[in-house]
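Under full-length UniProt numbering, the first residue of the sequence shown carries the number 1, and numbering increases by one thereafter.
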Amino acid sequence: MTAISLDPLDLAALLCSRVCHDVISPVGAIVNALEVLEEDDPSMREFALELIKKSARNASARLQFARLAFGAAGSAGAMIDLGDAGNVANGFLNDEKLSLDWEAPRALLPKNQVKLLLNLLLIATQAVPRGGRLVSRATVEGEQGSFEITATGSHARIPAHVEDLIAGRSEGGTIDAHAVQPVYTGMVARAAGMAIALSIEGETVTIKAARAA
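Right, dumping it as structure tokens:
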């Protein structure tokens, strides 16, 4: 494995590609539903309206999550409420395949710590590709948080190459938009002075993050 060399402009472009990839599906569904409405078929009107409502909620939830997980989230040194982060995570991750239990105190933490927690949740979803249950636990001492996320489901596994990507390594030292999220997670962890550990037992993957030694 080779250390990843990533120009800041390339990082920004890859993150934008990732966010667009996440949002394009529900937005496309809204466009399709609007085309159905234009056909003026009464039998399809209710279906189209319901699809628009569902897809609009989905797109909004994805954008709110991306804003906290990848965005600036306020000025340098900003603090984020874990309760607000939990609301955003629940809106994005709870669906037909996944359920999220958010166990965290209502506390303010530095933004990079909260961004790290949200990005670790994204990695946890990749650990249960067929869906399952996520449990996100946070403990807070002063302005320092520590996190433990468990992902339980059929065919659970630690996502391929994710530990190397978090550490900033890849084959050839390059990445694409599919790999940028774990690379970014590692960057945020290092900026927050925290270390990440992944383990698996049976059908449960555990991801922990705590202050680096």
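Heads up, the beta-carbon is just placed ideally off N, CA and C, and yes, glycines get one too.
Model, not experiment: these values are computed from the prediction.
How would you label residue i, buried or exposed, when you count the other beta carbons within 10 angstroms and need 16 or more for buried?
{"i": "S55", "result": "buried"}
{"i": "M1", "result": "exposed"}
{"i": "T185", "result": "buried"}
{"i": "L100", "result": "buried"}
{"i": "A160", "result": "exposed"}
{"i": "residue 229", "result": "Outside the shown range of the chain (1 to 213) lies residue 229, about which nothing can therefore be said."}
{"i": "S25", "result": "exposed"}
{"i": "S136", "result": "buried"}
{"i": "K97", "result": "exposed"}
{"i": "G86", "result": "buried"}
{"i": "R18", "result": "buried"}
{"i": "K115", "result": "buried"}
{"i": "L165", "result": "buried"}
Compute the Euclidean distance between the alpha carbons of residue i and residue j, then round it to the nearest angstrom.
{"i": "Q113", "j": "S43", "result": "49 Å"}
{"i": "A61", "j": "I4", "result": "31 Å"}
{"i": "Q144", "j": "I30", "result": "41 Å"}
{"i": "E201", "j": "A156", "result": "9 Å"}
{"i": "L117", "j": "A12", "result": "20 Å"}
{"i": "T125", "j": "N58", "result": "16 Å"}
{"i": "A127", "j": "I158", "result": "5 Å"}
{"i": "L68", "j": "E39", "result": "38 Å"}
{"i": "I123", "j": "P182", "result": "7 Å"}
{"i": "C20", "j": "L63", "result": "9 Å"}
{"i": "E171", "j": "L198", "result": "20 Å"}
{"i": "V27", "j": "T174", "result": "30 Å"}
{"i": "H178", "j": "L14", "result": "9 Å"}
Would DSSP call residue i helix, strand or coil?
{"i": "E143", "result": "coil"}
{"i": "P129", "result": "coil"}
{"i": "L116", "result": "helix"}
{"i": "T185", "result": "helix"}
{"i": "K111", "result": "helix"}
{"i": "M1", "result": "coil"}
{"i": "L9", "result": "helix"}
{"i": "S60", "result": "helix"}
{"i": "S154", "result": "coil"}
{"i": "R169", "result": "strand"}
{"i": "A72", "result": "coil"}
{"i": "R45", "result": "helix"}
{"i": "A179", "result": "coil"}
{"i": "A138", "result": "strand"}
{"i": "D22", "result": "helix"}
Give me whichever residues DSSP pairs with residue i in a beta bridge.
{"i": "A160", "result": "Answer is none; A160 lacks a bridge partner."}
{"i": "T174", "result": "DSSP lists no partner for T174."}
{"i": "K208", "result": "E148 and A197"}
Taking only heavy atoms of the ligand MG into account, decide whether any of them is closer than 7 Å to the Cβ of residue i.
{"i": "Q113", "result": "Within the structure as shown, the ligand MG is missing, as the structure has no ligands at all."}
Are any of the Cβ atoms in chain B nearer than 8 Å to that of residue i?
{"i": "I158", "result": "Here there is only one protein chain, and chain B is not present."}
Entirely enclosed alpha helix (DSSP H) segments - the stretch 78–102, minimum 4 residues: Counting only runs of 4 or more, we get 82–93.
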